[in-house]
Every structure is written in C-alpha cells, then in structure tokens.
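> Following this message is one structure expressed as structure tokens.
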Amino acid sequence: MSRCLHATVPTWASAITCVALTLSAAAQADVSLNNMFGDHMILQQGIKNKVWGKADPGEAVTVTLGGQSKSATAGADGMWEVFLDPVLEYGGPHTLTVKGKNTVTFNDVLIGEVWVCSGQSNMQWSVNQANDPDLEKAAAKFPNIRFISVPQVGIQEPQWNFTGKWQACSPETVGEFSAVGYLFGRQLQQTLGVPIGLIDNAWGGSAAEAWVKRDKLAAHPVLKVLHEKWQKEEANFETAKAEFEKKMAEWTAAATKAKAEGKPEPGGKPQHPDARMKGNARPGNIHSGVLTPSIGYGIKGAIWYQGESNAGRAYQYRELFPFMIQSWRDEWGLGDFPFYWVQLADFKAEKTEPAESDWAELREAQTMTMKKLPNTGEAVIIDIGEGKDIHPKNKQDVAKRLARWALSQTYKVSGIAARSPLYQSLEKQGSKMVLAFDHLARPSKNAWRPFDVNEPIGFTIAGADKTFMSAKAAIRDDGRIEVWSDAVAEPVAVRYAWADNPVCNMYSAEGLPLTPFRTDDFPGVTATAN
Numbered sequence: 054m055s056r057c058l059h060a061t062v063p064t065w066a067s068a069i070t071c072v073a074l075t076l077s078a079a080a081q082a083d084v085s086l087n088n089m090f091g092d093h094m095i096l097q098q099g100i101k102n103k104v105w106g107k108a109d110p111g112e113a114v115t116v117t118l119g120g121q122s123k124s125a126t127a128g129a130d131g132m133w134e135v136f137l138d139p140v141l142e143y144g145g146p147h148t149l150t151v152k153g154k155n156t157v158t159f160n161d162v163l164i165g166e167v168w169v170c171s172g173q174s175n176m177q178w179s180v181n182q183a184n185d186p187d188l189e190k191a192a193a194k195f196p197n198i199r200f201i202s203v204p205q206v207g208i209q210e211p212q213w214n215f216t217g218k219w220q221a222c223s224p225e226t227v228g229e230f231s232a233v234g235y236l237f238g239r240q241l242q243q244t245l246g247v248p249i250g251l252i253d254n255a256w257g258g259s260a261a262e263a264w265v266k267r268d269k270l271a272a273h274p275v276l277k278v279l280h281e282k283w284q285k286e287e288a289n290f291e292t293a294k295a296e297f298e299k300k301m302a303e304w305t306a307a308a309t310k311a312k313a314e315g316k317p318e319p320g321g322k323p324q325h326p327d328a329r330m331k332g333n334a335r336p337g338n339i340h341s342g343v344l345t346p347s348i349g350y351g352i353k354g355a356i357w358y359q360g361e362s363n364a365g366r367a368y369q370y371r372e373l374f375p376f377m378i379q380s381w382r383d384e385w386g387l388g389d390f391p392f393y394w395v396q397l398a399d400f401k402a403e404k405t406e407p408a409e410s411d412w413a414e415l416r417e418a419q420t421m422t423m424k425k426l427p428n429t430g431e432a433v434i435i436d437i438g439e440g441k442d443i444h445p446k447n448k449q450d451v452a453k454r455l456a457r458w459a460l461s462q463t464y465k466v467s468g469i470a471a472r473s474p475l476y477q478s479l480e481k482q483g484s485k486m487v488l489a490f491d492h493l494a495r496p497s498k499n500a501w502r503p504f505d506v507n508e509p510i511g512f513t514i515a516g517a518d519k520t521f522m523s524a525k526a527a528i529r530d531d532g533r534i535e536v537w538s539d540a541v542a543e544p545v546a547v548r549y550a551w552a553d554n555p556v557c558n559m560y561s562a563e564g565l566p567l568t569p570f571r572t573d574d575f576p577g578v579t580a581t582a583n
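Heads up: take any position in the sequence shown, counting from 1, add 53, and you land on this note's numbering.
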C-alpha cells in the first residue's frame, strides 16, 4: 500500500495529491485497450484480428478468445499488440479476455463482417434525419447488427484512442447512427444472415485531404500543394489570432450598442482562427484524430460518401481520392480491401440547357477512380438528390446501391446487379454520334429503361467550336444510343447528365442509372484549381 506524506502543505491538498498519485499509479499498472474493443463488438471473420492497448513497459499481456491464447510484452512506450488466429465460424457470443497485472473481459463478442462508414455529412446523416425515421426505428430489431461511432477530433498529433462504445442495434439505439451505414448493414445482414459490425467515423463538411496523413501529402509530387498552402496559414496563425481579437472587440462593441438600442445583433461575427486549425479541412487533421485510433481493427471493407467539399478542385480529386484509398489500404495492412463510394447526387437548380459544372467534374473524378484501383465501386445516385438540399433524405436507395456492390462483388451473391451502365466508346456516323456502353445485361434495346418517357433525355452535343447544344437521342436495337442535333452538323463530343442538377432519365433494365459522362477532354472549370 502506498503512503503519502506532505508535512508542509494543508491537509486538503495532501489528500488530493495522495489520491491523484494513487490513481496515477493504478492507471499505469492496469492493462487498457483501445476502445474499438468492448462488450458487443464484432470481430471480422476469417482474418488475423489485431488486438492492441497499453500496459506498463515490459508487462506481459495475454489475450484469449475461445480456445486460442496469444501473448505479447509491452514496449518501452507501454504499447502492445497481438494477432488472433482467424476464426472461420460466424456467430457467438464469445468472451475476449486480456490479462496483465489486471484482467479485462469483454462479453457478447460476435464474429461477423465489419465495415467502415466514412465521408462527410451525407454519411454522417442519421436515421432520425432520413426518410421515414419512425418506421425505420420501429423495425430496427437486429441484435446481430452492432455499431460504434468515432467522435470528431481535428488534430495534427496522432491519437491512439477515442471515446466510444459498441451498441447492439435496436429501436432505442439506431436513431443517431449513420442512416446510410445502418441501412447498408441491414441489407447485408438480411441477405447474408451473419453478424454485421459498422464503424461510423464520418465528419460533415470534411475535405478529403484531412483524411490523409500529412507527411504523405507533403511527399506527393502533385498533392504537396495542399500541405504547402496550409503551411502558410499555420505560419500566419499568431497574426490571424491578433486580427481576430481586434475584430471581435469591434463586433462585441457593435453588438452591445445594438442591444441597447433594441436592434438585432450584427452579422459577420468573427471566427477564431483556432477553429480552422482544429477543423475538418486541414490536411491530416481527421486522419490523426478520427481515423488513426481505429486503423488496424479488423474490417472487411469501407463505404464512403464525400466529395461536396472538394468539388471546386475536381481535377485535383482525380489524384487525391485514389491516393487516399491506397493510403488507407497500406496503413490497415489488409490488402486491397473493398472500397465502395457514392457518387455526388444532383443538387442546386436544375439545368435544362448545357452548362459547365464543377460537380459534374467531381463525379467524373470519382468514376475515374474505378479504373485506377482494383476492388472499388461507385453507387450512382444522379436521380435521387434534392435541388434545394445538399442532404437528400432518401438514404434508403443510396444504401441499397452500395449494398449491391458489396453483395455482388465482395460476397459473390449471384443474380444481383451492382454496376451502373458506363460509357465505353463512340462512333461518328454522319451528323450522328453513336455511343456504346459497358455493364448492360444484354446488347439490345430492352437493356434500357428510360424513366417517365420513352426517349432518352439528358444528352448534349458539340462541334469543333466546343459549344454544347441540347441533343436528341434514340436507343438502337443493339443497345447503342445515337445522339444528334440539327444545330450541330459535324459533332465531335457528347455529354450526358453534365450539370450540377441535370435533367436525365436513363436506367438499365435492372434499375441502375446511367453514369454521367463526357466523351471529350476539353479543359474543365476546375482544371487549374488547387
């Protein structure tokens, strides 16, 4: 038993100091784990699951699950890790025990399929905020679906842990969880009949560069510009802070005066520059504060819904997005795990006339990523956005289209269509352009199902002057689509659904929308944006 003697300090201070030292000593002696591990957690089936935590330097730690036992010794920094042998049987419940100088026991552990649900606000959007929350919550009686949320912490120093715990899915727990994540997991659970674990770490408004390690961006020949831009802002922090304090004093005086005069508070309240430093756009911030604590936990794959915050730099996203995915794969150490994302929805005012669009260019960058990296897929939702709201409430169809990718490509469930039709090639025939497409069930007119009317809508066409005109289109018997305009005698390029919020209507016979595309490579509006 420890003893605390403080003859020269007051009794109350002595008592507080003694308790603090005792608690500190106990904390140092106790084995502790990353909070990815807890009651009700799901461990990924069929892989070597990593288990890690802290203990005293040199302390021996033993982890047991079922009939297996793995041991490790904490390093000089107190960190330890073990890898459990793969468990091939789904189900449970199991008990995971970690023993060092103390023993930690986790109960109700299931073996199943674990997915990371990541991105910005459209992934963060909860069941309570989606369509039919009353019906969704009332039906959410799926104890074999488990989820955990990682809080939003923006910081440059890598964090080893976070505040959070696993919960079993129920009408009482599901409301605040990611709607896309839950509905995706529910479709998997109902189809596969196995436990599903979901890790939600989405952060509304986040930029993709915040999800990548800062030093990796700094070393990249193209993306280092993101690091360098923020270096300048960081160097100017103290000046910005002083400027904020000056502006804040002026604003406070104006607000006080307005209140005294019975007038509304003035707008334009200054924002402390520290908010930027801790925010969701600074390179590396989310990686260090949100992603790092969970990297290494056994997963099957990831689903992603992000891009709005990078739309103004869509050409840069062509490089950044696949770089981010590959970085995650390298750091997780699980090979080319499945990574499926949602293409940007339609948003803002509908456009019936041809127009340039940074959102269209971002969608194009997302689509390009499928050719750059294996085991990836894109859920096209150009048909289910809302012009007035960047957060469309129909998360049900978003989740289904993501689940199609996982069920078809990852779990090899037969008979499930996953891929939206994709532009393949173009042939000029007189004044018409004839387009061929990949991922149609059959090369025939019946491979298509135009919505609402029989004629294809949403095509534009241009000649050598690069001026796009609204075009007419027709489906040929072989499944190709011919496009033309009486105003363009010698066409050179065709576009489809090329706008922030295009009017378009093409679906495959399986009900998946045609992927927006262009056949040209004319410089876009974001071509030089960094």
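The beta carbon of each residue, even a glycine, is placed where N, CA and C say it ideally should be.
Here the structure is a predicted model, which is why all the values come from computation and not from measurement.
I need the straight-line Cα distance from Ala413 to Gln369, nearest angstrom please.
Using only the alpha carbons, I get a separation of about 14 Å.
> Go to Phe521, then tell me how far its beta strand (DSSP E) extends in each direction, as first and last residue.
Unbroken beta strand (DSSP E) run through Phe521: Phe521 to Ser523.
> Output the boundary residues of the alpha helix (DSSP H) element that contains Ser380.
Run containing Ser380: Ala367 to Trp385, per the alpha helix (DSSP H) assignment.
> Quick check: what's the CA-CA separation for Pro391 versus Ile164?
The alpha-carbon atoms of Pro391 and Ile164 are separated by roughly 19 Å.
> Evaluate Lys353 with the Cβ neighbour count: other Cβ atoms within 10 Å of its Cβ, from every protein chain shown; 16 or more gives buried, anything less gives exposed.
Buried.
> Could you compute how far the alpha carbon of Lys139 sits from the alpha carbon of Arg382?
The residue you asked about is not Lys; residue 139 is Pro in the sequence shown. Looking at the two C-alpha atoms, the distance is approximately 19 Å.
> Grouping DSSP H, G and I as helix and E and B as strand, with all else coil, what is Ala413?
Ala413 falls in the helix class under three-state DSSP.
> Tell me which residue opens and which closes the beta strand (DSSP E) that Lys485 is part of.
Unbroken beta strand (DSSP E) run through Lys485: Lys485 to Asp491.
> Pick helix, strand or coil for Leu141, following the three-state DSSP scheme.
Correct three-state label for Leu141: coil.
> What does the alpha-carbon distance come out to for the pair Gly217 and Gly144?
Taking the straight line from one Cα to the other gives about 23 Å.
> Is Thr568 helix, strand or coil when you go by DSSP?
Here Thr568 sits in coil by DSSP.
> Write down the C-beta distance between Leu397 and Leu415 rounded to the nearest angstrom, noting that I regard them as a contact closer than 8 Å.
Leu397 to Leu415, Cβ: 6 Å. Contact.
> So Lys448 is in the beta strand (DSSP E); what residue range does that whole segment cover?
That residue, Lys448, is in no beta strand (DSSP E); its alpha helix (DSSP H) goes Lys448 to Trp458.
> Skipping 5 residues on each side, what residues in its chain have a beta carbon closer than 7 Å to that of Ser380?
Correct list, in chain order: Val265, Lys266 and Lys269.
> If you reduce the DSSP assignment to three classes, tell me which class Lys218 lands in.
In the structure shown, Lys218 sits in coil (DSSP, three-state: anything other than H, G, I, E or B).
> Verify whether the separation of the beta carbon atoms of Phe400 and Asp553 is less than 9 Å.
Yes, they are a contact pair.
> So what's Val536 in DSSP terms, helix, strand or just coil?
Strand, per DSSP.
> Mind listing, in chain order, the continuous alpha helix (DSSP H) runs of no fewer than 4 residues lying wholly within the stretch 267 to 297?
Those alpha helix (DSSP H) runs which fall completely within the stretch 267 to 297 and span 4+ residues are 267 to 272 and 277 to 288.
> If you draw a straight line from the C-alpha of Phe136 to the C-alpha of Trp551, how long is it?
Their backbone Cα atoms lie some 48 Å apart in a straight line.
> Am I right that Asn184 and His444 are in contact with their C-beta atoms under 8 Å? What's the rounded C-beta distance?
Asn184 to His444, Cβ: 12 Å. No contact.
> Just verifying my parser: in three-state terms, what is the DSSP assignment at Ser259?
Ser259 falls in the coil class under three-state DSSP.
> Compute the beta-carbon to beta-carbon distance between Arg335 and Gly172, rounded to the nearest angstrom, for a pair I have assumed lies under 8 Å.
No, Arg335 and Gly172 are not in contact; Cβ-Cβ is about 17 Å, not under 8 Å.
> Alpha carbon to alpha carbon, how far is Ser410 from Glu286? Give it in angstroms, no decimals.
Their Cα atoms are separated by approximately 29 Å.
> Could you round the C-beta distance between Gln419 and Glu431 to whole angstroms and report it? I think they count as a contact, below 8 Å.
Contact flag correct, Cβ pair sits at about 6 Å.
> If Gly577 and Ala367 are in contact, beta carbons under 8 Å, what's the gap, nearest whole angstrom?
So it is a contact: roughly 7 Å between Cβ atoms.
> Whole angstroms is fine: what's the gap from Trp256's alpha carbon to Asn363's?
For Trp256 and Asn363, the distance between alpha carbons rounds to 14 Å.
> Does DSSP put Phe392 in a helix, a strand or coil?
Strand at Phe392.
> Once you ignore the five residues that flank Gly258 on each side, which residues in its own chain have a CB closer than 7 Å to its CB?
Counting only Cβ-Cβ distances below 7 Å, and skipping sequence neighbours, we find Gln173, Ser174, Asn333 and Ser362.
> Quick one: which unbroken beta strand (DSSP E) runs of 3-plus residues sit fully inside the stretch 101 to 147? Chain order, please.
As far as the stretch 101 to 147 is concerned, its whole beta strand (DSSP E) runs of at least 3 residues are 103 to 107, 113 to 118, 121 to 126 and 132 to 136.
> On a CA-only basis, which of Val84, Ala221 and Arg454 is nearest Asp161? Give me that one, please.
Residue Ala221 is the option with its Cα nearest to Asp161.
> Tell me whether the beta-carbon of Glu112 lies closer than 9 Å to the beta-carbon of Ala129.
Contact flag unset, no.
> Using the C-alpha atoms, what's the distance from Arg502 back to Gly564?
Roughly 7 Å separates the two Cα atoms.
> Can you tell me whether Asp253 is buried or exposed, with buried defined as 16 or more other CB within 10 angstroms of its CB?
Its Cβ being crowded by 16 or more others within 10 Å, Asp253 is buried.
> Which residues does DSSP pair with Cys170 in a beta bridge?
In DSSP, Cys170 forms a bridge with Asp253 and Ile356.
> What's the C-alpha gap between Leu279 and Val203?
Straight-line Cα distance between these residues: approximately 25 Å.
> Looking at the secondary structure, which residues open and close the alpha helix (DSSP H) in which Arg335 lies?
No alpha helix (DSSP H) holds Arg335; DSSP gives it neither H nor E.
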